[in-house]
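Protein chains in written order, with my numbering: chain A, 1 to 452; chain B, 453 to 651.
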């Protein structure tokens, strides 16, 4: 019973594909949860956490042990005094037996004169750099999802007007053909060709819009980590209108970017890591204070056991002891070279920091200005669409009153369609540029509420 | 004076019950007109009765004569009468059918009615989702024959009657009144041939 409830609780997660309509933020959430790029970036965090653990392992005792057994022939001490010219042993190469050897060394580092602490800090800061990089990848994924979401809606938004225009053109072509065939003089071959050309142009735009909608949706599914045949219902059917809330002021956005951009966190931690690395490399010249214990044992029945402790007997015996000591691996040239490498890394980071100090505010400013421009152009485009619509409407009323020509309606229709497409172009730009601004301030995945 | 007092009191009491002409009434007439348009093509017995109901909303005298006011002097009385009849028939024959389909599809957002020189303007936005078309429309109503009747329509701020004035003036300047009347005939004949003229 309890396990069933637990299974149901686990299954009732966030909205999955096909379950309810997904808005742009829902799509971002799904994409980040299933993104291969995010997984790869998280793998780098795990990698550096493992390296940190490797550095930290120095705090723990190390045991080295060795044991072996080898064949050895019999050699025995012959009783009696050892004389010059005589070995005092008898050998029997026909008799063989085993020779056992075992040894173990247990070492516990006690103090590294700051070297390990510096290495730990360097590795720890590097982990923080990778964590910030994960956030950067998430922001990039979020931006891509939003871009594709609105691109899909843009293409869908164009389709109704294009289809309606196609019907009008088709009807006009039919009427014009009848007029031409009747020889009324009101329609010439040039007029028919103009209608056919207009139809072809319209068909191209329709095809691009339809295909564009499908391609953008496929790309969105890919970015969300969904299979191509997965069901995905979007919350919007057309491009939403411009957001009503104004942008925060530019100085506020720049301040937010300094605080939220993962690249700034990467630089901060990267600088700390590089400093610690230089310190660790400089301290590589220091010894390591350690305590150790060693035991060694040998046995073979094939050799006489020399019980005299002053005689060296490698075949039978147990030795061992504990000690405190210093281990030192001093290679000055190598140490200096590695210090130089660490300082080179610091220089690279200083360069990046310099770039970021002006580059990030510039990026924020550009994204902010792009949004403002798109909003202004959208207003202008709306005016153009109104004018095009009036052109079309009054051309139709004039034609109905008998005072206008069909070509006026078609010209009005063409102007209206172009203007309408321009409206949608700018509306798409507003949404995409806002998404880019969100990324520029570093909040694309974590705090989308910062840019309405 | 004492004899007049009861009469004045009755008039004051009855005044609100007379034909009400204000923004709310104009809005009501607009809604009723749109509802009637929506019935076109949907009545089992045909559109004849719907056309008759629609006629009640229009001030045809103004709709047909105001467009030629700047050039009225060029019309003989017979030509004026002929133009008024033919233009009225053209408006009914061609506009009614298209308007029915449009208003059935459109989603309406109402604006606040306003008064201008004793006439009432009802603004509304119409969104046609099938054609992705958004239009700002204003219906202008004036009292005629004891009722509010439509005297003009504006689309995106431009008056239809004003546009007709300019068109007709240009045609009459180039082709004369006979040319204008001939164009009305040709348009009607074209529509009747295609079967798109509602009678």
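Built from N, CA and C at the ideal position, the CB exists for glycine as well. The structure presented is a predicted model; accordingly, all values stated were derived computationally and were not measured.
- With a threshold of 16 other beta carbon atoms within 10 Å, residue 97 of chain A falls short and is exposed.
- Here residue 507 of chain B is exposed, its C-beta having fewer than 16 other C-beta atoms within 10 Å.
- Within the same chain, and ignoring the five residues on either side of residue 130 of chain A in sequence, the residues whose Cβ sits closer than 8 Å to its Cβ are 41, 44, 45, 47 and 48.
- Per the DSSP secondary-structure output, residue 319 of chain A pairs in a beta bridge with A/296.
- The beta carbon of residue 607 of chain B is closer than 7 Å to those of 587 and 589 in its chain, skipping five residues each way along the sequence.
- Residue-level contact by beta carbon holds for residue 547 of chain B and chain A, with a gap shorter than 8 Å.
- Against residue 623 of chain B, the close residues of chain A are 403, in the order they occur along the chain (beta-carbon pairs closer than 7 Å).
- In terms of Cβ geometry, residue 602 of chain B and residue 509 of chain B form a close pair [threshold 8 Å].
- Residues of the same chain with a CB within less than 7 Å of the CB of residue 180 of chain A, apart from the 5 flanking positions on each side, are 187 and 192 in chain order.
- Closest by C-alpha distance to residue 428 of chain A, out of A/307, A/118, A/128 and A/153, is A/153.
- Ranked by Cα distance from residue 248 of chain A, the options A/369, A/289, A/404 and A/272 are led by A/369.
- The C-beta distance from residue 138 of chain A to residue 38 of chain A rounds to 6 Å, short enough to fall under 8 Å.
- Separation of residue 306 of chain A and residue 282 of chain A (C-alpha to C-alpha, rounded to the nearest whole angstrom) is 50 Å.
- Taking 8 Å as the upper bound for CB-CB distance, residue 593 of chain B and residue 576 of chain B are not in contact here, some 13 Å apart.
- Chain A has a Cβ within less than 8 Å of the Cβ of residue 612 of chain B.
- Taking a contact to require three or more Cβ pairs closer than 8 Å, the region 115-128 of chain A and the region 319-328 of chain A do not qualify as touching.
- In this structure, the straight-line span from the alpha carbon of residue 23 of chain A to that of residue 228 of chain A is close to 19 Å.
- Three or more beta-carbon pairs drawn from the region 410-422 of chain A and the region 379-395 of chain A are found closer than 8 Å, and the two stretches are therefore classed as touching.
- Contact check for residue 566 of chain B and residue 475 of chain B: beta-carbon distance about 7 Å, within the 8 Å limit, so the pair qualifies.
- The C-beta of residue 330 of chain A has fewer than 16 other C-beta atoms within 10 Å across all chains shown, which makes the residue exposed.
- Closest by C-alpha distance to residue 581 of chain B, out of B/559, B/570, B/599 and B/564, is B/559.
- The DSSP-derived three-state label of residue 65 of chain A is strand.
- Using a Cβ distance threshold of 8 Å, residue 378 of chain A and residue 242 of chain A count as a contacting pair.
- Under the Cβ criterion of 8 Å, residue 426 of chain A is not counted among the residues facing chain B.
- Bridge partners of residue 399 of chain A according to DSSP: none are assigned.
- In the structure shown, the three-state DSSP call for residue 543 of chain B is helix.
- Nearest in C-alpha terms to residue 35 of chain A, of all of A/62, A/250, A/400 and A/135, is A/135.
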